[in-house]
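Visitor: In order, the protein sequences belong to chains X and Y.
If you use the working numbering, the first sequence closes out at 389, no skipped numbers anywhere.
If you use the working numbering, the second sequence closes out at 389, no skipped numbers anywhere.
Protein chains: 2
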Amino acid sequence: MKKIRLFTPGPCTVPEEALLEMARPFEHHRTAWFKEVIKDCTEKLQKIFLTTNEVLIITGSGTAAMEGAIVGCHPAGSKALVCENGKFSERWGLICDQYGIANMRCKVEWGKPIDPAVVADHIAKDKSITSVIVVHSETSTATASDLEAIGKICRQHNKLLLADCITSAGALPLRTDDWGVDVLITGSQKALMLPPGLGFAAVSPRAWEVIEANKAQHSFYVNYNKARKSAKQSDTPYTPAHLLVRGLRVTLDLLLNEGLENVWKRVAGMAAATRAAASAMNVQLFSQRPADSVTAFNVPAPVVEKELRKMLREKFGIHFAGGQDAIEGKIVRMSHMGFIDSIDTLGAIAAFEHSLHKLGHNFTLGAGVAAAQKVFVERGM
Amino acid sequence: MKKIRLFTPGPCTVPEEALLEMARPFEHHRTAWFKEVIKDCTEKLQKIFLTTNEVLIITGSGTAAMEGAIVGCHPAGSKALVCENGKFSERWGLICDQYGIANMRCKVEWGKPIDPAVVADHIAKDKSITSVIVVHSETSTATASDLEAIGKICRQHNKLLLADCITSAGALPLRTDDWGVDVLITGSQKALMLPPGLGFAAVSPRAWEVIEANKAQHSFYVNYNKARKSAKQSDTPYTPAHLLVRGLRVTLDLLLNEGLENVWKRVAGMAAATRAAASAMNVQLFSQRPADSVTAFNVPAPVVEKELRKMLREKFGIHFAGGQDAIEGKIVRMSHMGFIDSIDTLGAIAAFEHSLHKLGHNFTLGAGVAAAQKVFVERGM
Numbered sequence: 009m010k011k012i013r014l015f016t017p018g019p020c021t022v023p024e025e026a027l028l029e030m031a032r033p034f035e036h037h038r039t040a041w042f043k044e045v046i047k048d049c050t051e052k053l054q055k056i057f058l059t060t061n062e063v064l065i066i067t068g069s070g071t072a073a074m075e076g077a078i079v080g081c082h083p084a085g086s087k088a089l090v091c092e093n094g095k096f097s098e099r100w101g102l103i104c105d106q107y108g109i110a111n112m113r114c115k116v117e118w119g120k121p122i123d124p125a126v127v128a129d130h131i132a133k134d135k136s137i138t139s140v141i142v143v144h145s146e147t148s149t150a151t152a153s154d155l156e157a158i159g160k161i162c163r164q165h166n167k168l169l170l171a172d173c174i175t176s177a178g179a180l181p182l183r184t185d186d187w188g189v190d191v192l193i194t195g196s197q198k199a200l201m202l203p204p205g206l207g208f209a210a211v212s213p214r215a216w217e218v219i220e221a222n223k224a225q226h227s228f229y230v231n232y233n234k235a236r237k238s239a240k241q242s243d244t245p246y247t248p249a250h251l252l253v254r255g256l257r258v259t260l261d262l263l264l265n266e267g268l269e270n271v272w273k274r275v276a277g278m279a280a281a282t283r284a285a286a287s288a289m290n291v292q293l294f295s296q297r298p299a300d301s302v303t304a305f306n307v308p309a310p311v312v313e314k315e316l317r318k319m320l321r322e323k324f325g326i327h328f329a330g331g332q333d334a335i336e337g338k339i340v341r342m343s344h345m346g347f348i349d350s351i352d353t354l355g356a357i358a359a360f361e362h363s364l365h366k367l368g369h370n371f372t373l374g375a376g377v378a379a380a381q382k383v384f385v386e387r388g389m
Numbered sequence: 009m010k011k012i013r014l015f016t017p018g019p020c021t022v023p024e025e026a027l028l029e030m031a032r033p034f035e036h037h038r039t040a041w042f043k044e045v046i047k048d049c050t051e052k053l054q055k056i057f058l059t060t061n062e063v064l065i066i067t068g069s070g071t072a073a074m075e076g077a078i079v080g081c082h083p084a085g086s087k088a089l090v091c092e093n094g095k096f097s098e099r100w101g102l103i104c105d106q107y108g109i110a111n112m113r114c115k116v117e118w119g120k121p122i123d124p125a126v127v128a129d130h131i132a133k134d135k136s137i138t139s140v141i142v143v144h145s146e147t148s149t150a151t152a153s154d155l156e157a158i159g160k161i162c163r164q165h166n167k168l169l170l171a172d173c174i175t176s177a178g179a180l181p182l183r184t185d186d187w188g189v190d191v192l193i194t195g196s197q198k199a200l201m202l203p204p205g206l207g208f209a210a211v212s213p214r215a216w217e218v219i220e221a222n223k224a225q226h227s228f229y230v231n232y233n234k235a236r237k238s239a240k241q242s243d244t245p246y247t248p249a250h251l252l253v254r255g256l257r258v259t260l261d262l263l264l265n266e267g268l269e270n271v272w273k274r275v276a277g278m279a280a281a282t283r284a285a286a287s288a289m290n291v292q293l294f295s296q297r298p299a300d301s302v303t304a305f306n307v308p309a310p311v312v313e314k315e316l317r318k319m320l321r322e323k324f325g326i327h328f329a330g331g332q333d334a335i336e337g338k339i340v341r342m343s344h345m346g347f348i349d350s351i352d353t354l355g356a357i358a359a360f361e362h363s364l365h366k367l368g369h370n371f372t373l374g375a376g377v378a379a380a381q382k383v384f385v386e387r388g389m
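Put into structure tokens, the structure is as follows:
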């Protein structure tokens, strides 16, 4: 018997209901039916993002959506403050470079969050900065930054705020309008519980002003002005991956029926239980400000990361992610997003505990699941 | 009862086997398993395209794949001859314009093919032309151009040939290597029988030389050099729509098990039967060189196009496409691609005949299906 249990921070477990919806009789996308699906998904995404901003559905990964946002929001003469504390924030700086967009990197050691005070400081010192690019939840290091505080600073100083919410939207508390996020980006394969293939953007009127007036070189394919024009008709400029959009309607209904704040609580509970288990198993967290959507563990000596993930995968069907770049081989990452609950999480912790024990890590066996269980009982989950 | 029968020239009917494959337990994409899927699909795509060229699998529509090709193949100092005879060839000119790529439009009336002699003439007159962009099968007008002859001219004069084979690859005879096609582009939702969401490119060593050396502005997301680097490892630079790639393996197996030349024959047979039916029903074809992958009919007076498509859709569940831009309301289009055969096609012709009759077109009722039936019997299908 082989069960697949995805605890990778994307793709995450997709509900069978969504998979089966996508296997239903296959229709055309330029139809009244599909416009209705787009309209419905758009409204539901606004509810998930807590925004009245216009939402774009883009066929491509989150990177495609981010490229469109960065290019659109940076006409000649603009300058981005790129808050860099991991693999994904690094990528957004590379996009700026590739398009010749002036940018300053606010570099922070991997595992640390972005300090809002440092953002404020940069903005105060360099008057030419017009925008701030920040990753809400840095998936590569499992670190959450205080997007609300950063949003406040951006609003005070009238800077555009572009936020990569790829592993936060639908998982962590995120109030787009209240926090003043001008462009929120996310992808389908994280908390939205879908397979990969769609990117999303929620764009504020402030950002649209800049994007509309921007005469700089855009990508032809990922072009927010064109996407907006179509979105107003509940349509897309080019052929969309409409199968995924159909699945999206199912997963958005699941999330909204659970209730957004309940989803946040479920995710936070699974993360808290996981951190309690780590502590009980004498495993250190990599992040100095752990995100609730994903946990990164330092792999304790003498355990070898590759063997740990292999055992999890082959013995238990549990998929953790490894580290990237400089921290490859040093950490493993476990997701709290997707179609999973406390029971699934306890199972993953049990497998993690079992594997650590087998691979020579020294701790009180059973302490991990017991600690997690306590948290779940306390939280009534 | 409601059956959906897609005769739109994309998306086309997807085999249940592929839909169900995509509903199977959901795995991660950065795994040995998925690398094997990519490798397998790449090799099978090479067999469909009849090429040894490297193949890229791009998450996005065919337009994304085309953008990457056009940008990559046109460094500073290059000039494209854009052969324009319909909606899609028009789009490729727009991409050139947007990136400031010098280009000459070789414009031909919609419905006519590209004349290879005219291409030769342009190349002879304008020595600065470095590439030719042509659409093999112009979906908007259902017109096939002689790609083999155009390829020969490009090889004689050492020009790069970029071919949009979006509604030809896997449907019409197409011999990438023999014909000297430098960049072949196609999408998932046509003859490859998948839902939309993937674009494909097969790129020749000649084209790679140009793309590799090109320092011009590329899109970050659709970047052939990056895609190539990953493809060499059976991987992708960003998160791929891996569910679709998994479905792709199923549809490629179906096509290759049928045999590529048999697929071409099946498509050609359905097209020939459809044209015979049109003639028998006194319906004119729009194209002066009809493609076998899709047929465009002039809507005969007094039939109203919208009513015709509505009746087809609502009474018979049959989806035809309309016309675009200047020919909107004047034509309807019927696909011969996808998971369909002679029996399906005869059903569509019957519904078309029935609807034309009901909507006031004057012809001998039954002549359409009888003419189609004769063709199928002659061809043993």
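Beta carbons: idealized from backbone N, C-alpha and C, even for Gly.
Note that the structure is predicted; figures quoted are calculated from it, not measured.
#1: Bridge partners for X/T59 per DSSP, in chain order?
#2: Along the region 226-244 of chain X, what residues have a CB closer than 8 Å to any CB found in chain Y?
#3: So does the region 68-78 of chain Y actually touch the region 88-103 of chain Y, counting three or more Cβ pairs closer than 8 Å?
#4: Taking X/F34 as the query, report the chain Y residues whose CB atoms sit under 8 Å from its CB, ordered along the chain.
#5: What residues from chain X crowd round Y/P83, counting only those whose CB sits closer than 9 Å?
#6: Just grab the DSSP bridge partners of Y/D154 for me.
#7: I'd like to know whether the C-beta of X/M342 is nearer than 8 Å to at least one C-beta of chain Y.
#8: Does chain B have any CB closer than 8 Å to the CB of Y/L251?
#9: Given 8 Å as the limit, is there contact between the region 222-239 of chain Y and the region 368-383 of chain Y, that is, 3 or more CB pairs closer than that?
#10: So the alpha helix (DSSP H) Y/S287 belongs to, where does it begin and stop?
#11: Given a cut-off of 8 Å, decide if Y/R297 and Y/A152 are closer than it, judged by their beta-carbon atoms.
#12: When burial is assigned at 16 or more other CB atoms within 10 Å of the CB, is Y/E361 buried or exposed?
#13: Does the beta carbon of X/S69 sit closer than 8 Å to a beta carbon anywhere in chain Y?
#14: Buried or exposed: X/D333, going by 16 or more other Cβ atoms within 10 Å of its Cβ?
#15: Less than 8 Å between CB atoms is the rule here; does X/E75 satisfy it with respect to chain Y?
#16: Just checking: is the beta-carbon of X/Q106 within a distance shorter than 8 Å of some beta-carbon in chain Y?
#17: Quick one: which chain X residues come within Cβ less than 9 Å of Y/Q332?
#18: Buried or exposed: Y/W187, going by 16 or more other Cβ atoms within 10 Å of its Cβ?
#19: On the criterion of 16 or more Cβ atoms from any shown chain inside 10 Å, does X/I351 qualify as buried, or is it exposed?
#20: Assign Y/P308 to one of three DSSP states: helix, strand, or coil.
#21: For X/I65 versus X/L206, is the C-beta distance shorter than 8 Å?
#22: Please return the same chain residues whose Cβ sits closer than 6 Å to the Cβ of Y/W272, not counting the five positions on each side in sequence.
#23: List the DSSP bridge partners of Y/H327.
#24: Mind pulling the alpha helix (DSSP H) runs of 4 or more residues that sit fully within the region 140-213 of chain Y?
#25: Figure out for me which residue from X/L252, X/V385, X/G388 and X/K318 has the closest Cα to the Cα of Y/T39.
#26: Near Y/L264, what residues of its chain come up, given a Cβ to Cβ distance below 8 Å and the 5 sequence neighbours on each side ignored?
#27: With DSSP run on the structure shown, which of helix, strand or coil describes X/V45?
#28: Residues of chain X with CB under 9 Å from Y/M30, in chain order?
#29: Could you give the residue range of the beta strand (DSSP E) that holds Y/A110?
#30: With DSSP run on the structure shown, which of helix, strand or coil describes Y/D124?
#31: Quick check on X/S136: buried or exposed, where buried means 16 or more other Cβ atoms within 10 Å of its Cβ?
#32: Could you tell me if Y/D300 is buried or exposed, where buried requires 16 or more neighbouring beta carbons within 10 angstroms of its beta carbon?
#33: Would you list, in chain order, the members of the region 102-135 of chain X that have their beta-carbon closer than 9 Å to a beta-carbon of chain Y?
#34: In the DSSP assignment, the beta strand (DSSP E) including Y/K87 goes from what residue to what residue?
#35: Taking only beta-carbon positions, decide if Y/C72 is within less than 8 Å of chain X.
#36: Specify, as a first and last residue, the run of the alpha helix (DSSP H) that X/R341 falls within.
Guide: Taking the definition as stated:
#1: For this step, residue 59 of chain X is matched to residue 51 along the first sequence. Bridge partners of X/T59: none, in fact.
#2: H226, S227, F228, Y229 and V230
#3: yes
#4: Looking up residue 34 of chain X in the first sequence gives position 26. Neighbours of X/F34 on chain Y, chain order: I12, L14, P19, T21, V22, L27 and P203.
#5: Residue numbering aside, residue 83 of chain Y sits at position 75 when the second sequence is read from its first letter. By Cβ distance, chain X contributes nothing, its closest Cβ being about 15 Å from Y/P83, past 9 Å.
#6: On the second sequence, residue 154 of chain Y is found 146 positions in, with the first residue counted as 1. BP columns for Y/D154 are empty, so no partner.
#7: Walking along the first sequence from the start, residue 342 of chain X turns up at place 334. Closer than 8 Å: no.
#8: The structure shown contains no chain B; its protein chains are X and Y.
#9: no
#10: The residue given as residue 287 of chain Y occupies position 279 in the second sequence. Here the alpha helix (DSSP H) through Y/S287 covers L268 to A288.
#11: What you label residue 152 of chain Y is simply residue 144 of the second sequence in a count that begins at 1. What you label residue 297 of chain Y is simply residue 289 of the second sequence in a count that begins at 1. Contact flag set, yes.
#12: Your numbering for residue 361 of chain Y matches position 353 in the second sequence. Buried, since its Cβ has 16 or more Cβ neighbours within 10 Å.
#13: In the first sequence, the residue the question calls residue 69 of chain X occupies position 61. Judged by the 8 Å Cβ criterion, X/S69 is in contact with chain Y.
#14: Within the first sequence, the letter at position 325 stands for residue 333 of chain X. Its Cβ having fewer than 16 others within 10 Å, X/D333 is exposed.
#15: By 1-based counting over the first sequence, the position of residue 75 of chain X is 67. So yes, X/E75 belongs to the interface.
#16: If you number the first sequence from 1, residue 106 of chain X lands on position 98. It does; some Cβ of chain Y falls within 8 Å.
#17: Walking along the second sequence from the start, residue 332 of chain Y turns up at place 324. Within chain X, no residue comes near Y/Q332; the closest Cβ sits about 10 Å away, beyond 9 Å.
#18: As a first step, residue 187 of chain Y is located in the second sequence; it is residue number 179 there, counting from the start. Per the 10 Å Cβ criterion, buried.
#19: In the first sequence, counting from the first residue as 1, residue 351 of chain X sits at position 343. Looking at its Cβ environment, which holds fewer than 16 other Cβ atoms inside 10 Å, X/I351 is exposed.
#20: In the second sequence, residue 308 of chain Y corresponds to position 300, counting from 1. DSSP places Y/P308 in coil when its eight states are reduced to three.
#21: The count along the first sequence starts at 1 and reaches residue 65 of chain X at position 57. The count along the first sequence starts at 1 and reaches residue 206 of chain X at position 198. Contact: yes.
#22: Mapped onto the second sequence, residue 272 of chain Y falls at position 264. Cβ within range, chain order: P181.
#23: The residue you call residue 327 of chain Y lines up with position 319 of the second sequence. DSSP output for Y/H327 lists Y/L14 as bridge partner(s).
#24: 155-164 and 184-187
#25: For this step, residue 39 of chain Y is matched to residue 31 along the second sequence. Cα-wise, what sits closest to Y/T39 is X/K318.
#26: Here residue 264 of chain Y refers to the residue found at position 256 when the second sequence is read from its first residue. The residues are K52, K55 and I56.
#27: Here residue 45 of chain X corresponds to residue number 37 of the first sequence, with the count starting at 1. DSSP places X/V45 in helix when its eight states are reduced to three.
#28: Taking the second sequence and counting its residues from 1, one reaches residue 30 of chain Y at position 22. Here the neighbours are L27, M30, A31, P203 and L251.
#29: The residue labelled residue 110 of chain Y in the question sits at position 102 within the second sequence. Y/A110 -> beta strand (DSSP E) spans A110 to K115.
#30: By 1-based counting over the second sequence, the position of residue 124 of chain Y is 116. Position check: residue 124 of chain Y holds Pro in this sequence, whereas Asp was assumed. Three-state result, Y/P124: helix.
#31: Numbered from its first residue, the first sequence carries residue 136 of chain X at position 128. Looking at its Cβ environment, which holds fewer than 16 other Cβ atoms inside 10 Å, X/S136 is exposed.
#32: The residue labelled residue 300 of chain Y in the question sits at position 292 within the second sequence. Looking at its Cβ environment, which holds 16 or more other Cβ atoms inside 10 Å, Y/D300 is buried.
#33: L102, I103, Q106, Y107 and G108
#34: In the second sequence, the residue the question calls residue 87 of chain Y occupies position 79. Unbroken beta strand (DSSP E) run through Y/K87: K87 to E92.
#35: In the second sequence, residue 72 of chain Y corresponds to position 64, counting from 1. At residue 72 of chain Y the sequence reads Ala, which differs from the Cys that was named. Taking Cβ atoms only, chain X reaches closer than 8 Å to Y/A72, which makes this a yes.
#36: Within the first sequence, numbered from 1, the residue matching residue 341 of chain X stands at position 333. X/R341 -> not in any alpha helix (DSSP H); beta strand (DSSP E) instead, spanning I339 to S343.
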